[in-house]
Amino acid sequence: MKAPRKERKSIFDESMEAFYRAADLIRLHPRVRLELEEPDFEHIFYITIETRDRLVPLSPDEEAHFKDLPASSVKAGEALEPLANGQFVLHRRALLKADITVREGVLRIPKRGLFRIEKGGPKKFKAYRIQYNQVRGPYKGGVRYHKDVSLDLFKALAADMTWKTAIADIPFGGAKGGVRIDPQAYSKEEIEHVTLRFIYKLKNLIGPYVDIPAPDVNTNSEIMAIMMRQYTDGARMPHAMRGVVTGKDVRIGGSEGRNKATGQGTVYCLEEWARWRGVNLQGARVLVQGFGNVGSASAEILHGMGARIVAVQDAHGTIHDERGIDIPALLAHCFANRENLRRSVAGFPGAKALPPGDFWFLDADIAIPAALGGEITAEVADRMRVKVVAEAANGPTTPDGDEILRARKIDLIPDIICNAGGVTVSYYEWLQNLRMEHWTEAEVNRRLEGAIKSNYAIIRDVALDTTKRTESHDSRPFAIGRQTDMRTAAMVLALKRIEAHYLLEGFSQ
Ligand code: NAD
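In the numbering used here, the protein residues as written are 40 to 548.
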């Protein structure tokens, strides 16, 4: 007889488990519970763009048929734009002064091989913006471009932003969104067009006092600049609207310290954890998964403090060196090497390649998941050999994984405080935009350190049931009268801060 199929919970349902645990613990007001159980708005829409012609590599069994095809002489350079998926965008100027032989739509490019010309044309993408809750301030959250995004995922991430902004104690609510697209398959210009259409459709739904997007996976300060321009284009006072997005380049209203803020916040949490546990970060061995904005900044800062980054994994490779990887050299390999189109750690000459399946099971002190969600499953958690998991990514640990980490007494720094540095400095950026100010990096980090460490201390006090008032924090209003785990304690802090707004302001009927 077939075993009954186990119903898989949605990502959103899984991510809400901590919410329900904490809501029960603090007996959250029933109406507040209803308000927070689902998003305020779920915007789902479609955007279309025009794509360019492509050169798509031929499969090995097709190649034989074209073995006598003469090579075409094409002036490459900008005319053939390489994509991270091995294809080329064919710009028409490639045909100027070219000497081309095409047979059955196939041509040979010297030193690159055989390609089929694929005609571009209009293409449609599904897009999302989930505005979860705004009781504490404007909706706030990142924009993700990825092929695996969904309503379910964005609901979970938008809810997370609601808890995170409350934990960071900044006057924002929560949101998240993005586009279902594989950015590696599109040119810079096509991604720009996707971004322009995305904001065109969202124009009436966002704004500096309404909803403030920011970078997330596969979006960055360049994309934020395009969003800002599209939003403010034609406005009478565009300069007063710079706060419509955060994570901008510092030269156009971004904040000093924003690029590294999420990684910096993770490190501030780790410093507090290490002080409490009596661990010396100098010489501590660290695993970092994801070497994008957050992973690379965490690794760079920890390396600068004398920690040893013994392994790094990204979507394309895993590298390992027990003596500690030379992080400045790895940064140069990923971000200053124009040949490295995928900005991957793969092929880094200063470390050994490792089978990806071995990564989580290396012996180390600290594991920093800084890539995507759902990575630390029960199977992974069961075999990890670290003292602490610092969740720099959003939702990297599944509820089953969580339970096993707890049972194995592996400490956890939950995502909603561990990666709150990014949104905290986004708030500083927004404030600077509204005030037309520019703060130094030292000023930004001084404020960030105070904010992250004091809120981290409140969460730890709640978890250990040792609430108190010190010079830098007061955890007494959040006491629950018993011990709990760090993730639940973080949710308690978030829910008590959010609930206060509903209870003090009341509900309009
Ligand atoms: P990014 O796009 O800059 O980098 C993502 C990294 O993850 C890349 O190195 C990529 O290769 C790697 N990756 C992707 N899939 C992988 C896989 N299956 N296995 C291993 N590695 C994989 O993104 P980011 O901005 O650094 O964001 C990383 C995480 O941090 C996300 O979960 C994001 O939601 C979260 N986060 C980011 C910020 C921020 O300020 N950027 C703030 C808070 C939380």
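Backbone N, C-alpha and C define an ideal beta-carbon position, used for all residues, glycine too.
- Counting C-beta atoms within 10 angstroms of its own C-beta, histidine 342 has 16 or more neighbours from the protein chains shown and is therefore classed as buried.
- Per DSSP, the continuous alpha helix (DSSP H) segment holding leucine 64 begins and ends at 56-65.
- The Cβ atoms of lysine 158 and threonine 87 do not sit closer than 7 Å to each other.
- Under the DSSP assignment, arginine 93 falls outside any alpha helix (DSSP H), being part of the beta strand (DSSP E) whose first and last residues are 92-96.
- Residue pairing by DSSP places proline 254 opposite Val182 in a beta bridge.
- Distances from the CA of isoleucine 366 to each of Ile340, Asp353 and Arg381 were compared; the closest alpha carbon is that of Ile340.
- Taking C-alpha positions only, isoleucine 455 is separated from alanine 279 by approximately 30 Å.
- If one requires a minimum length of 3 residues, the beta strand (DSSP E) runs lying completely within the region 122-171 are 127-129, 145-148 and 152-157, in chain order.
- Looking at the backbone, the Cα of threonine 416 and that of alanine 410 are separated by about 14 Å.
- Here the alpha carbons of arginine 147 and tyrosine 171 stand approximately 51 Å from one another.
- A distance criterion of 6 Å places the beta-carbon of glycine 331 in contact range of the ligand NAD, judged by its closest non-hydrogen atom.
- An exposed status is given to glutamine 548, since fewer than 16 other beta-carbon atoms sit within 10 Å of its beta-carbon.
- With 16 or more other Cβ atoms inside 10 Å of its own Cβ, tryptophan 478 counts as buried.
- Between valine 145 and leucine 122 a beta carbon distance of about 18 Å is seen, past the 8 Å cut, so the two are scored as non-contacting.
- With fewer than 16 other beta carbons inside 10 angstroms of its own, aspartate 402 counts as exposed.
- A Cβ-Cβ distance of about 18 Å is found for the pair leucine 380 and valine 351, leaving them out of contact under the 8 Å criterion.
- Taking C-beta atoms as the reference points, glutamate 468 and serine 294 count as a pair closer than 7 Å.
- Closest in C-alpha terms to aspartate 221, from the list Lys215, Ile230, Gly213 and Ala214, comes Ile230.
- Contact annotation: the region 296-313 touches the region 486-495, with at least three C-beta pairs closer than 8 Å.
- Annotated as proximal: glycine 216 and tyrosine 167, with beta-carbon spacing under 7 Å.
- Assigned with DSSP and collapsed to three states, glutamine 328 falls in strand.
- Of the candidates Ile519, Leu542 and Leu543, the residue whose Cα lies closest to the Cα of leucine 532 is Ile519.
- Distance between phenylalanine 517 and arginine 66, taken at the CA atoms: about 13 Å.
- Of the candidates Ala539, Asp504 and Asp187, Asp187 places its Cα closest to the Cα of asparagine 257.
- Annotation note: the region 190-249 contains the following uninterrupted beta strand (DSSP E) runs of length 3 or greater, listed N- to C-terminal: 213-219.
- DSSP places phenylalanine 398 within a helical segment (H, G or I) once states are collapsed to three.
- Leaving aside the five residues that flank alanine 195 on each side, the residues in its chain whose CB is nearer than 7 Å to its CB run, in chain order, Ile50, Phe51, Ser54 and Gly434.
- By the 16-neighbour rule on beta-carbons within 10 angstroms, asparagine 376 is exposed.
- Residue environment: threonine 436 is assigned as buried (16 or more neighbouring CB atoms within 10 Å of its CB, all protein chains considered).
- A distance criterion of 6 Å places the beta-carbon of threonine 463 beyond contact range of the ligand NAD, judged by its closest non-hydrogen atom.
- DSSP places valine 531 inside the alpha helix (DSSP H), whose first and last residues are 525-544.
- CA-to-CA, the gap between tyrosine 248 and glycine 292 works out to about 17 Å.
- For the pair histidine 540 and valine 218, the CB atoms are not nearer than the 7 Å cut-off.
- Within 10 angstroms of the beta-carbon of histidine 104 lie fewer than 16 other beta-carbons, which makes it exposed.
- Remark: C-beta atoms of alanine 502 and isoleucine 206 do not approach each other more closely than 7 Å.
- Membership of glycine 304 in the alpha helix (DSSP H) is indicated by the continuous run 297-316.
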